[in-house]
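S.K.: Going by my numbering, the sequence shown opens with residue 1465, and the numbers climb by one from there.
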Amino acid sequence: MKKLIYIVVFATIGCATSCSDFLNEQLKGSYTSSNLYTTAANATEAVTGIYNSLYGNTLWVFGDVASDDAVKGGNPGDQPDMVTIDDFSATSDNGALATFWQATYETISRANNAIYYIPPMNIDVTLRSRLVGEAKYLRALSYFNLVNIFGKVPLKLLPQLTSATINVPLSSVATIYAQIEKDLTDAVAVLPASYATEKGRVTQGAALGMLAKVDLYEQKYADCLTNIQALDNLHQYNLLTNYANLFKAGSEDSTEVIFAIRYIQSTVSPGDILSVEFSPLIEGGYAFDAPTQSFVDAFTDSTIMKTVDPRLDASIGRDGMPWFNNMTFSASWSEATGYLVKKYDETKIPGIPLDQSAIPSIYMRYADILLMKAEALNELNSNGVASAAIEVNKVRARANLAPTTAVTQTDMRTAIMNERHKELGFEFHRFFDLMRWGQTVAQAALGPNFKWTSPRFYYPIPQTELDTNSALK
């Protein structure tokens, strides 16, 4: 039986008649798949463990560093494998690929256990269905990231108990997307619109938003709009008035955030590691994910008050501009580019280290939904430009920008791309957007050294998986 938690007890003293009693005693504090899924509380803990596996996720290496928005940053010799992710020369022995692969399949493994073991449990039916729905959403999210980084991957859907469930061959991209859609559709049917006390768990809106995103990636524009309408019908989400407030502790409970990885500020539990990775060295950070000049140059629009688009300085630190704790940012803090990410940093509390940051890592928010809706409307037919403009202008108005001037389908497509670039910068979407928008857009952004491979660029499967998964040989 596969153990979820292992405790090893060593006996170093002699024993006589009591020895057999000691050896026959049940382990205390040890869970197996047979005794973990016995109570509602334990089942809930098991699903909570799926969320916990998201801690330290390195999606930023692909979403940002592989894009035109950032370079690795940090000290030149740190994390050299990230450099080959950035220049698209990574081979199967790349450590950054292996780290992401293993962490994501750990999430999938925990989700598979929950999806398999919870349905037969004799617990409250509503709770049981909800927990399975949460697990299916998290499994779908994991496979969505994998299929967009690696393409074909092993589609593992059962607990890893036998050779057949461990050694799984590659599935096609279409097959993986079909499973993602099935998991999300199942989740929509059982998840609540909101939680009274257990905030942070996956909601019906999160599943609908993710389903709409999957539809957009598959160019199923009508389905995308249907799922966005269903999300809107929940009446749960709106844009925050102040863009910068999205990136402060507590924003996870705002009406704009649809799904985020949450943290608490505590000295006994880990906070958001991104605060450590992205903060300047003078604050004890690593200065990774350094923004590029091309990201700064994307902010060409002035507000109606003739000031800089406020999203720029809310997203990154740049020379001479306000930082945190009444400090002024210095370009010298970022040897790589002169800029650093600001969205995962915040005013430090004295005595609380960087790795105790409570700033959420937002995966999906309502502004993303509005821009997805605009894109689907525009791509569905050339008559959708005016409707798309309404959604784009909602996002621009929050930034105090004038309405878009795009009037043709082509111009609107460009306007939407530009708006996603600025609105969602350093939220790990950019590289994946470039890939789905196709060769011309990707090469224009990534430069002449980027070699497009049809149907799109994928990173190689890690050597660790090739070595251990006999079905791939």
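Ideal placement from N, C-alpha and C gives every residue a C-beta, glycine not left out.
1. Under 8 Å Cβ to Cβ from SER1517, same chain only, skipping five residues before and after it: list those, please.
2. State buried or exposed for SER1934, treating a residue as buried only when at least 16 other CB atoms are found within 10 Å of its CB.
3. Contact defined as beta carbons within less than 8 Å: I believe ARG1900 pairs with TYR1681. What is the distance between those atoms, to the nearest angstrom?
4. Since ARG1829 is in the beta strand (DSSP E), which residue starts that stretch and which ends it?
5. Consult DSSP for SER1573 and reduce its assignment to one of helix, strand or coil.
6. Which complete beta strand (DSSP E) runs does the segment 1743-1819 hold, if anything under 3 residues is left out?
7. Could you check where the beta strand (DSSP E) with LYS1536 kicks off and where it finishes?
8. According to DSSP, is PRO1623 part of a helix, a strand, or is it coil?
9. Taking the straight line between their C-alpha atoms, what separation do you get for PRO1633 and PHE1763?
10. So who's on the other strand from ILE1725, going by DSSP bridges?
11. Is the beta carbon of GLY1664 less than 7 Å from the beta carbon of ILE1833?
12. Give me the Cα-Cα distance between PRO1926 and LEU1648, rounded to the nearest whole angstrom.
13. Going by beta carbon distance, what residues of the same chain come within less than 6 Å of ALA1412, once the five residues before and after it are set aside?
14. Taking the continuous alpha helix (DSSP H) assigned at GLY1513, which residues delimit it?
15. For LEU1930 and PRO1618, I'd like the C-alpha separation in whole angstroms.
16. Are TYR1939 and SER1715 close, meaning C-beta to C-beta below 7 Å?
17. Given a cut-off of 7 Å on the beta-carbon distance, is the pair ALA1751 and GLY1538 in contact?
18. For PRO1744 and ALA1909, what's the separation of their Cα atoms in angstroms?
19. Which two residues bound the contiguous alpha helix (DSSP H) that contains ARG1603?
20. Note the first and the last residue of the continuous alpha helix (DSSP H) segment covering VAL1666.
21. Report yes if the C-beta distance between LEU1865 and THR1767 is below 7 Å; otherwise report no.
22. From the DSSP output, in three-state form, read off LEU1634 for me.
23. Measuring only between beta-carbons, confirm whether ALA1660 sits less than 7 Å from chain D.
24. Name, in chain order, the residues that DSSP records as bridge partners for PRO1618.
25. Determine the DSSP secondary structure at GLN1683, reduced to helix, strand or coil.
26. Applying the 10 Å Cβ sphere with the 16-neighbour rule, what's the burial state of SER1952?
27. Determine, using beta-carbon pairs with one atom in the segment 1577-1587 and one in the segment 1889-1906, whether at least three such pairs fall under 8 Å.
28. Return the CA-CA distance between TYR1923 and ALA1562, expressed in angstroms with no decimal places.
29. Counting only the same chain and skipping the five closest in sequence on each side, list residues whose C-beta sits under 7 Å from that of MET1791.
30. Applying the criterion that 16 or more other CB atoms from any shown protein chain within 10 Å of the CB defines a buried residue, is PRO1919 buried or exposed?
31. Taking C-alpha atoms, which residue in LEU1675, ASN1709, SER1718, VAL1905 lies nearest to LYS1837?
32. For TYR1659, is the classification buried or exposed, using 16 other Cβ atoms within 10 angstroms of its Cβ as the cut-off for buried?
33. For the alpha helix (DSSP H) that contains VAL1905, what are its first and last residues?
34. For ILE1746, which of THR1502, ASP1761, ALA1795 has the nearest alpha-carbon?
35. Return yes when the Cβ of ALA1754 is within less than 7 Å of the Cβ of ALA1708, no when it is not.
M.R.: Looking at the atomic coordinates:
1. Cβ neighbours of SER1517 beyond the five flanking positions: ALA1567, GLU1570, THR1571, ARG1574.
2. Counting of Cβ neighbours within 10 angstroms places SER1934 among the exposed residues, the total staying below 16.
3. That belief holds up - the Cβ atoms of ARG1900 and TYR1681 are roughly 5 Å apart, short of 8 Å.
4. Counting along the chain, the beta strand (DSSP E) containing ARG1829 begins and ends at 1825-1829.
5. If DSSP states are grouped into helix, strand and coil, SER1573 belongs with the helices.
6. Entirely contained in the segment 1743-1819, the beta strand (DSSP E) runs reaching 3 residues are, in chain order, 1752-1755.
7. Unbroken beta strand (DSSP E) run through LYS1536: 1534-1537.
8. In the three-state reduction of the DSSP assignment, PRO1623 falls in the coil class, being assigned neither a helical nor a strand state.
9. Distance between the alpha carbons of PRO1633 and PHE1763: 45 Å.
10. Beta-bridge pairing links ILE1725 to SER1825.
11. GLY1664 places its beta carbon 7 Å or farther from that of ILE1833.
12. Between the alpha carbons of PRO1926 and LEU1648 lies a gap of roughly 27 Å.
13. Not covered by the structure: residue 1412. The range shown for the chain is 1465 to 1937.
14. Start and end: 1504-1516.
15. Looking at the two C-alpha atoms, the distance is approximately 11 Å.
16. The first residue shown for the chain is 1465 and the last is 1937, placing residue 1939 beyond what the model contains.
17. In contact: ALA1751 and GLY1538 (Cβ atoms closer than 7 Å).
18. Here the alpha carbon of PRO1744 sits roughly 27 Å from the alpha carbon of ALA1909.
19. Segment 1589-1614, the alpha helix (DSSP H) holding ARG1603.
20. No alpha helix (DSSP H) contains VAL1666, which DSSP labels as neither H nor E.
21. Yes, the Cβ-Cβ distance between LEU1865 and THR1767 is below 7 Å.
22. Here LEU1634 sits in strand by DSSP.
23. This model lacks chain D altogether, as it is built from one protein chain only.
24. Paired residues: LEU1634.
25. Residue state, collapsed to three classes: coil.
26. There is no way to answer for residue 1952, as the model of the chain reaches only from 1465 to 1937.
27. The segment 1577-1587 vs the segment 1889-1906: no contact.
28. Approximately 11 Å between the Cα atoms of the pair.
29. No residues qualify anywhere along the chain.
30. Taking every protein chain shown into account, the CB of PRO1919 has fewer than 16 other CB atoms within 10 angstroms, so this residue is exposed.
31. Closest by alpha carbon: LEU1675.
32. The residue in question, TYR1659, is exposed, as its Cβ has fewer than 16 Cβ neighbours within 10 Å.
33. For VAL1905, the uninterrupted alpha helix (DSSP H) run begins and ends at 1903-1910, by DSSP.
34. Selected option, being the one with the closest Cα: ALA1795.
35. In this structure, ALA1708 keeps its C-beta atom at 7 Å or more from the C-beta atom of ALA1754.
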